[in-house]
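Chemist: Okay, so the sequence shown: first residue is 267 according to my numbering, each after it adds one.
Beta carbons are placed, not taken as given, at the ideal position from N, Cα and C, and that holds for glycine.
My questions will all concern the structure given below.
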Amino acid sequence: ETNGSYPGLPEMFPLIDQLIIDCKQIDPDKHKAATGISNVRILENLTQAAGNHPRVHIRVPMIGKVNDSQEDVQNFIRFFRKLAGPNVTFEILTYHEYGKNKWEQCGLNYQMGDAHIDSRKAAEARQAFRDAGLNYQTT
Numbered sequence: 267e268t269n270g271s272y273p274g275l276p277e278m279f280p281l282i283d284q285l286i287i288d289c290k291q292i293d294p295d296k297h298k299a300a301t302g303i304s305n306v307r308i309l310e311n312l313t314q315a316a317g318n319h320p321r322v323h324i325r326v327p328m329i330g331k332v333n334d335s336q337e338d339v340q341n342f343i344r345f346f347r348k349l350a351g352p353n354v355t356f357e358i359l360t361y362h363e364y365g366k367n368k369w370e371q372c373g374l375n376y377q378m379g380d381a382h383i384d385s386r387k388a389a390e391a392r393q394a395f396r397d398a399g400l401n402y403q404t405t
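Structure below.
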């Protein structure tokens, strides 16, 4: 399980039974604004994985005001269609605050604010993935 940013990830494919990669944003500017890093390596690794690894599961952690717009969903679909194959599955996860207590225990200010999304919006995005012919799998 990875965010896909490690440059040496493709070299590790033979050692990994199932590769699970989170993809937070397709738009490079939005990705950098939300995460602080470029998504170029992540998208390259996703492409390499889809073409070379036997079991790839790509997850989109849907985050309110970060990647939950209709435009974002369509951008994911356009990019993921290029990766689709019998070895690639897709999933949309909804934002959670499981790590919030850890931040607070470390004396840090949890900075995400209210990033929850409406369950209807998540269901519509999941259906859009299915309607686009993506191999949707819930884990």
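To the nearest whole angstrom, what separates the beta carbons of N269 and H319, a pair I think is in contact under 8 angstroms?
Modeler: Not quite, the Cβ-Cβ distance comes to about 16 angstroms (not below 8 angstroms), so this is no contact.
Chemist: Count the other CB atoms within 10 Å of the CB of Q291; is the residue buried (16 or more) or exposed (fewer)?
Modeler: It is buried - the Cβ of Q291 has at least 16 other Cβ atoms within 10 Å.
Chemist: On the DSSP letters alone, give me the boundaries of the alpha helix (DSSP H) that D288 sits inside.
Modeler: Segment 285-288 is the beta strand (DSSP E) holding D288; no alpha helix (DSSP H) there.
Chemist: Do F395 and I343 come within 8 angstroms of each other at the CB atom, strictly closer than that value?
Modeler: Yes, Cβ-Cβ distance for I343 and F395 is below 8 angstroms.
Chemist: Please confirm whether D283 and R325 have their CB atoms less than 8 angstroms apart.
Modeler: The answer is no: Cβ separation not under 8 angstroms.
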